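Participant:
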Amino acid sequence: MSLLYLHFCLLNLLSLAEDDRLKQPKQEGRVRLVGDLPSSGRVEVYHDGQWGTVCDDGWELAEAQVVCRQLGFPGAISVKPGGQYGEGSGPIWLDDMNCKGSESSLSECSFKGWGVTDCSHKEDAGVDCETGKNITSNRQFSVDNSLGLSHDLGLLFDSGDGCDFRINVQDTSEEEELTFCVHKMILMFYPELNITNDSRNIAVNVSQTCHPHVSAFLRYLYTRQIDVSITSAQCLHQLAFIFGVKKLMEDVGRTFTLLLPEDNTFLTQVSMYEYGVRTGDLVLQENVLQYLSWNCEYLISSPVWSTISFHMMDALLQRSDLIVNDEALLLEALERWIQDKGDEISSDQQASLLNHIRFLLIPVDKLYETQFSSSVLRQNHEKLYLTGLLRGFQFNALPFSKIRNQMDNMSSEYLSRIYTGDEWSVIINDTTVNYPYYHYGQNNRIQTFSTPAYPSALYREQKVQWQAQVFLSAQECSNYGMSCTSFPVARFYGYGNQERYTSTIRYSNRLILSCKYENNVFHVQDFKNSMAVVPNNSSMDLPNPCPDDYSFRFVVRPEYI
């Protein structure tokens, strides 16, 4: 199709009739901020036909996170209790708020009841939301799904010549509005919009903080090209979801990985996962799950652990890239989560999650202690619980030749996660001092240790020796008879008795990079021929948040063949 023909079609579709403005009614549960800036102010919620305020009783950061994300901001900076943004008028709709932090709207949180309160407007709650301006990195990447004519179609959008369709963009408070005149024929390439020959306009609700990005998004509909930055990513993802542009959703979703290491509270990551579920963005869901799997031990110890949803817990427990001290810790964490959730989790859901625990890989001494547990899971699912214990004891006691035929039936039960207990891993923290000559006794980047050949009781006394090394220069590699072209590079190999088990056991060892003082795992990789070349920051799955101060953890990961 030529540009001239496309332009001719668009002109023929030009309507001179008065556009009927499509107004969407104010939606129940909508929130807005009343203040001098769009990102901060007194929180008001829409209910029963009018706006009202929120009392600051129970008003904490989790509640603020929900409000800010409902409005389209990346998250919350702080809460403002006590009417700091002025006293409102009218009803006080919400009191004694209790949010988990992962809800999609404030009205989904627990509260006394609509209009049930003992507060005055002197206690009106407020928030300060993130705008993205405090993010130091705003590196852009280009999304290009164009198939030709992109430049010319972009000029057509810029000029507005022959446009015959209006898009009215309202913010969530309906106090700001933008209008764009576009070409109906372009929109008809996106069937999710349900544009027909009789359509003349549509109205969409987008938070005011996203208004600056609407024009670039609409231009993408013409050109299939757009530049995405950290500060624009969430808005572009939201717009792509509203307009049903799934390919752009996936591309923009990848940029969310840049935000993952920035929140050690895990509120952002959990919220992003739930957002990915609501929008059907599988790429975003996987990126968040991978990060949370790598940082599972820190997630378990955080307040957010008790707030995550069933479907998120179900997805996490099925993964083999979970980094935890051992499987017993994961079982204890699951039991605590179920106890905190109470009646929210059904008996069938509890059983489903218990089936994801790999009893076979619980250390035998902890397996013995577990049988005397009086946990909720043990009480509610005693048969299932005891079956897991029995299979765990069998796996520890029987030789591999006896259980080989059952391996297929056990599926992932015998697959090791990434267990970082002292028995299975070693850490090298020295990543700054250069050792130009061979000084084995002084080099802190060389560690030797031993592990059992396999976690089962049969192999506990059969040891394998391991040596872990980190090289920062060509000279260091040369000292050990190796040639290295990229740095840093890690070397991890076994010796001694390892060769005895090659027909039964393989070692899928892992290198974990984490910030020393922030407890943040940002990179995991395996070893190829005992070597792992650490990629540079730009090619890592996640950005390195501590490029000058991180540690190397070497993890032995044995698996039955």
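Going left to right, the sequence shown walks through residues -17 to -1, 1 to 544 as mature numbering (1 follows the signal peptide of the UniProt record, and there is no 0) numbers them. Yeah, the Cβ is synthetic: ideal placement off N, Cα and C, and Gly gets one too. If you're wondering where the values come from, they're calculated on a predicted model, not measured in any experiment.
1) What distance in whole Å lies between the Cβ atoms of Ala311 and Ile345, which are believed to be in contact at a cut-off of 8 Å?
2) Near Leu242, which residues of its chain fall below 6 Å by C-beta distance, leaving aside the five closest residues on each side in sequence?
3) Looking only at DSSP bridge pairs, what is Trp320 linked to?
4) Can you list, in chain order, the residues of its chain with a C-beta nearer than 6 Å to that of Pro435? Leave out the 5 residues immediately preceding and following it.
5) Is it true that the CB of Val189 sits closer than 8 Å to the CB of Gln217?
6) Using beta-carbon positions only, say whether Gly71 and Asp40 come within less than 8 Å of one another.
7) What are the boundary residues of the beta strand (DSSP E) that includes Phe208?
8) If you check the beta carbons only, do Ser534 and Asn412 fall under 8 Å apart?
9) Grab me the residues of Gln322's own chain with a C-beta within less than 6 Å of its C-beta, minus the 5 sequence neighbours each way, in chain order.
10) Just checking, does the region 161 to 173 make contact with the region 189 to 202 on the three C-beta pairs under 8 Å criterion?
11) Could you tell me if Val538 is buried or exposed, where buried requires 16 or more neighbouring beta carbons within 10 angstroms of its beta carbon?
12) Run through DSSP, which three-state label would Cys498 get?
13) Determine the burial state of Glu86: buried for a count of at least 16 other Cβ atoms within 10 Å of its Cβ, exposed for fewer.
14) For Pro382, count neighbouring C-beta atoms within 10 Å of its own C-beta (all shown protein chains included) and say buried if the count is 16 or more, exposed if not.
15) With a Cβ-Cβ cutoff of 8 Å, do Val17 and Val110 count as a contact?
16) Taking the alpha-carbon positions, what's the Phe378 to Thr487 distance?
17) Quick one: Cα of Ser93 to Cα of Tyr500, how far?
18) Looking at the secondary structure, which residues open and close the beta strand (DSSP E) in which Tyr533 lies?
19) Just the Cα atoms here: how many angstroms apart are Leu(-15) and Val235?
20) Kindly provide the ranges of any alpha helix (DSSP H) runs that are 4 or more residues long and lie completely inside the region 287 to 334, ordered along the chain.
21) Quick one: what's Met465 bridged to in DSSP?
22) Express the C-alpha separation of Ala223 and Arg341 in angstroms, rounding to a whole number.
23) Measure from the C-beta of Leu267 to each C-beta in chain C and report whether the shortest distance is under 8 Å.
24) Please go through the same chain and pick out, in chain order, the residues whose beta-carbon is closer than 7 Å to the beta-carbon of Gly477, but skip the five residues on each side of it.
25) So the candidates are Cys82, Trp97, Pro57 and Pro64; which of them puts its Cα closest to the Cα of Ile75?
26) Measure the alpha-carbon distance for Leu204 versus Glu269 and round it to whole angstroms.
27) Hey, would you say Asn503 sits closer than 8 Å to Asn247, going by beta carbons?
28) List, from N- to C-terminal side, the alpha helix (DSSP H) runs of 4 residues or more that fit wholly inside the region 232 to 270.
29) Quick one: using the 10 Å Cβ neighbour count with 16 as the cut-off for buried, is Gln7 buried or exposed?
30) Take the Cβ of Val99 as the centre, count every other Cβ of all protein chains shown within 10 Å, and call the residue buried at 16 or more, exposed below.
31) Under the three-state reduction of DSSP, which class applies to Tyr68: helix, strand or coil?
32) Assuming Thr206 contacts Gly145 under a Cβ cut-off of 8 Å, what Cβ separation, rounded to an integer in Å, is found between them?
33) Nearest by alpha-carbon distance to Arg183: which of Pro195, Met168 and Cys193 is it?
34) Of all the options Tyr437, Glu11 and Ile185, which has the alpha carbon lying nearest to the alpha carbon of Ile544?
35) Looking only at its chain, what residues have a beta carbon closer than 8 Å to the beta carbon of Arg361, apart from the 5 residues adjacent to it on each side?
36) Pull up the distance between the alpha-carbon of His339 and that of Val253, whole angstroms please.
Facilitator: Walking through what the data contain:
1) By a beta-carbon distance limit of 8 Å, Ile345 contacts Ala311. Their separation comes to about 5 Å.
2) none
3) DSSP output for Trp320 lists no bridge partner at all.
4) Tyr442 and Arg443
5) no
6) no
7) It should be pointed out that residue 208 corresponds to Gln in this sequence rather than to Phe. Note, Gln208: beta strand (DSSP E), Gln208 to Val211.
8) yes
9) Val359
10) yes
11) buried
12) strand
13) buried
14) With fewer than 16 other Cβ atoms within 10 Å, it is exposed.
15) no
16) 15 Å
17) 35 Å
18) Tyr533 to Val538
19) For Leu(-15), the predicted model reports a pLDDT of 39, less than 50, meaning its position is unreliable; a value from the coordinates is still stated below. Their Cα atoms are separated by approximately 29 Å.
20) Counting only runs of 4 or more, we get 293 to 300 and 310 to 324.
21) DSSP, once it has assigned bridges, lists no residue as partnering Met465.
22) 39 Å
23) As a matter of chain content, chain C is missing from the structure shown, which is built from one protein chain.
24) If you ignore the 5 residues before and after Gly477, its C-beta comes within less than 7 Å of the C-beta of Val447, Gln448, Trp449 and Tyr490, all in its own chain and listed in chain order.
25) Taking Ile75 as reference, the option from Cys82, Trp97, Pro57 and Pro64 with the minimal CA-CA separation is Trp97.
26) 26 Å
27) yes
28) 250 to 262
29) In this predicted model, Gln7 has a pLDDT of only 34, less than 50, meaning its place in the structure is not dependable; the value taken from the coordinates is given anyway. Exposed is the call here.
30) exposed
31) coil
32) With a Cβ gap of about 17 Å, Thr206 and Gly145 do not count as contacting.
33) Measuring from the Cα of Arg183, the nearest candidate turns out to be Met168.
34) Tyr437
35) Tyr368
36) Near 20 Å, if we compare the C-alpha coordinates of Val253 and His339.
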